[in-house]
Amino acid sequence: RRRETPQGSDSETSAVKKLLAGKLHIISLGCSKNLIDSEVMGALARDSGMTMANRPQDADVVLVNTCGFIGPAKEESLEAILALAEIKKQRGGAIRLVVAGCLAQRYGRKLLSEIPEADLWIGTGEVGRIAEHLQGLQAGGAKRKAIVSRPDFLMTAHHKRVLPSGAATAYLKISDGCSNRCTYCAIPSIRGRARSRRPEDIVLEAENLVARGVREIILIGQDTTAYGKDLKNRPLLSGLLTDVSAVSGLRRLRLLYAHPAHVTTGVLETMASRENICRYLDLPIQHIDDAILAAMNRRVSSKTIREIIRQARGMMPDLALRTSLIVGFPRETPKRFDRLMDFVRNMRFDHLGVFTYSREEGTPAADLPSRISEKEKERRRDAVMNEQADISLAVNQTLIGSIQEVLIEGKSERRGFALVGRCRRQAPDVDGVTYLKKGRAAAGDFVRCKITGCDHYDLFGEILFDNCRKMKL
Ligand code: SF4
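Numbering-wise, the sequence shown is residues 558 to 1030 according to the working numbering.
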């Protein structure tokens, strides 16, 4: 996913010493964790004197915060860099091009010589030092550099973030890095070991976000259910959920990236018992065949995965369950793939994403034999997605006639609908949305809707009462 720099609100600008000048444009690629880094870098640059440009053509410095954990993400990042290099050329070199993020952490030193249009490469450990790097760039003339340090940056509530003006939904990173070492995954080497933020620091950021008008907070991390294991007194995720959900004025709290090896009954009970926590479980299982799970080093069995789902659905009959899968992992025989297909068919996930296995250098799985061809991987991905499309449609059809609380995101661009928003079953960026036929509401309003129709991924509805802010939903 690609996002361009929001302007942000001026109230966030502080009066610290201005070291920088000029206009900055940021392009954020990849996941929501990367997006937060972009927001933090934007705020640090702005507090040091830069202003935000809406387009790269209007900027003095363009920063592209890249993704680089699998093949397609790397390709997308390279395309974005080369497109910016072209804009730089058209402007006679008047733009300074900075490449940050996962691709820079992983390949910055190598790409420094291959992409001469980029002036500066900075890894994921450099987020907190962006202002000094930009200052060095503005002061230092033509010397091009790659600065790749140990990826150990961890934001705190004292880091400001450039959020879109009037944002009603915001991600909140409770931890960074990962210590799991799944055999296919390059993220631990890109993002470093798992580091959790202190609970009180997370609560403080939640309070700050609510004070800025955020109504829904989404807790994220590479593995949110590993939260607290690295801290001295090992605070529990269930306690953190309770504390954040108690922040005054917070209407919705959602948790993403719950690794099945670490989901506890306490987390599910908290989710079930707190009114403002969405009954939404994002459980990236990756596979269900035990031999594949072991080869992936997922440290969880198919039995445990089934038990978590049974328990979660037992506690929350209205639970929306999301998962992500990898198909075409080495040694995924037709029989093992069929086992996955049967599981998808029977488990009826509300939302599901599929990746084809990407062989990443430096990961243990890259050396595994019995590799599956790209064509076969794609066939398997398409087969799962086709199966899931029917399931998603059937799940959505069961919602017709139900009443849902929808957080309005703005005017609809889809013909025949006035507004678009999300009900509690729908996370931003990855799930479908709810389109509303008519009615008046502003972004950030909550409205009560009756679901009247659907397609495979989206819901269609009608507002029952205008302006339900004051209603108890
Ligand atoms: Fe990668 Fe596994 Fe950590 Fe997720 S849990 S970031 S897949 S190592």
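Backbone N, C-alpha and C fix where the C-beta goes; we use that ideal spot for every residue, glycine too.
Going along the chain, which residues of its own chain have a beta-carbon closer than 6 Å to the beta-carbon of residue i, five neighbours each way excluded?
i	result
Val1042	Residue 1042 is absent from the model: the chain starts at 558 and stops at 1030.
Ile627	Ser915
Ile948	Arg905
Phe886	Ile849 and Tyr914
Gly682	Ser706, Arg707, Pro708, Asp709 and Phe710
Val952	Asp907
Rounded to whole angstroms, what's the CA-CA distance from residue i to residue j? Just pull it up for me.
i	j	result
Glu918	Arg752	24 Å
Thr781	Met872	20 Å
Arg701	Ala630	24 Å
Asn591	Val801	22 Å
Met904	Ser881	13 Å
Ser605	Arg686	11 Å
Val1004	Asn622	35 Å
Tyr784	Ser722	30 Å
Ala608	Ala602	Per the sequence shown, residue 608 should be read as Thr rather than Ala. Taking the straight line from one Cα to the other gives about 8 Å.
Thr920	Arg663	13 Å
Asp1012	Pro874	22 Å
Ile550	Asp617	For the chain, the structure presents residues 558 to 1030; residue 550 sits outside this window and is missing.
Asp907	Gly649	50 Å
Val656	Arg707	17 Å
Gln647	Ala661	24 Å
Arg971	Ala725	21 Å
Asp847	Asp733	28 Å
Arg559	Cys659	14 Å
Arg870	Gly910	20 Å
Asn737	Pro745	8 Å
Starting from residue i and walking both ways along the alpha helix (DSSP H), at which residues does that stretch end?
i	result
Val941	Glu931 to Thr955
Ile593	Ser589 to Asp604
Gln695	Ile687 to Ala696
Arg981	Note, Arg981: premise wrong, no alpha helix (DSSP H); not H, not E.
Glu864	Ser859 to Met872
With residue i and residue j assumed to form a contact (beta carbons below 8 Å), what rounded beta-carbon distance in angstroms separates them?
i	j	result
Ser1033	Asp988	The chain is shown from 558 up to 1030; residue 1033 falls before or after that span and cannot be answered.
Met853	Cys739	5 Å
Tyr741	Ala922	4 Å
Val760	Val824	Contact flag wrong, Cβ pair sits at about 17 Å.
Val941	Val884	6 Å
Leu586	Cys624	5 Å
Arg879	Asp839	5 Å
Ala637	Ile584	6 Å
How would you write the range of the beta strand (DSSP E) that residue i sits in, first residue to last?
i	result
Val671	According to the sequence shown, residue 671 is Glu rather than Val. Premise fails: Glu671 lies in the alpha helix (DSSP H), Cys659 to Glu671, not in any beta strand (DSSP E).
Ala975	Premise fails: Ala975 is in no beta strand (DSSP E) and is neither H nor E.
His582	Lys580 to Leu586
Ile777	Glu773 to Ile777
Val619	Val618 to Thr623
Ser881	Ala877 to Val884
Gly1010	Phe1003 to Cys1011
Gly785	Neither: Gly785 is in no beta strand (DSSP E) and is coded neither H nor E.
Lys968	Ile960 to Lys968
Arg811	Arg809 to Leu812
CB-CB under 8 Å to residue i, same chain, minus the five flanking residues each way: which ones, in chain order?
i	result
Leu669	Ala675, Trp678, Arg701, Lys702 and Ala703
Asp567	The predicted position of Asp567 is uncertain, since its pLDDT is 41 and thus under 50; a value taken from the coordinates is nonetheless stated next. Hits under 8 Å: none found.
Asp615	Lys580 and His582
Lys1029	Low local confidence applies: a pLDDT of 45 at Lys1029 is under 50, so the model's placement there is unreliable, with the coordinate-based value given in what follows. If we look at Lys1029 and ignore the five residues flanking it on each side, it has no Cβ neighbours.
Leu788	Ser753 and Arg755
Leu1021	Ile960, Val1004, Arg1005, Cys1006 and Lys1007
So, at 7 Å on beta carbons, what are the nonlocal neighbours of residue i in its own chain, with the 5 sequence-adjacent residues on each side left out?
i	result
Ala758	Per the sequence shown, the amino acid found at residue 758 is Asp instead of Ala. The residues are Thr713 and Ala714.
Glu1019	Leu993, Lys994, Cys1006, Lys1007 and Thr1009
Val597	Val684, Met712, His716 and Arg718
Cys1025	For Cys1025, the predicted model reports a pLDDT of 49, less than 50, meaning its position is unreliable; a value from the coordinates is still stated below. Excluding sequence neighbours, Cys1025 sits near Phe1003, Val1004 and Arg1005.
Arg855	Cys739, Ala818 and Gln843
The region 957-967 contacting the region 892-904, beta-carbon criterion three pairs below 8 Å: no
Contact the region 964-978 vs the region 931-941: 3+ CB pairs below 8 Å: The region 964-978 is not in contact with the region 931-941.
Validate contact between the region 724-732 and the region 775-794 using beta carbons, cut 8 Å, 3 pairs: Touching, yes, given that three or more Cβ pairs across the two stretches are closer than 8 Å.
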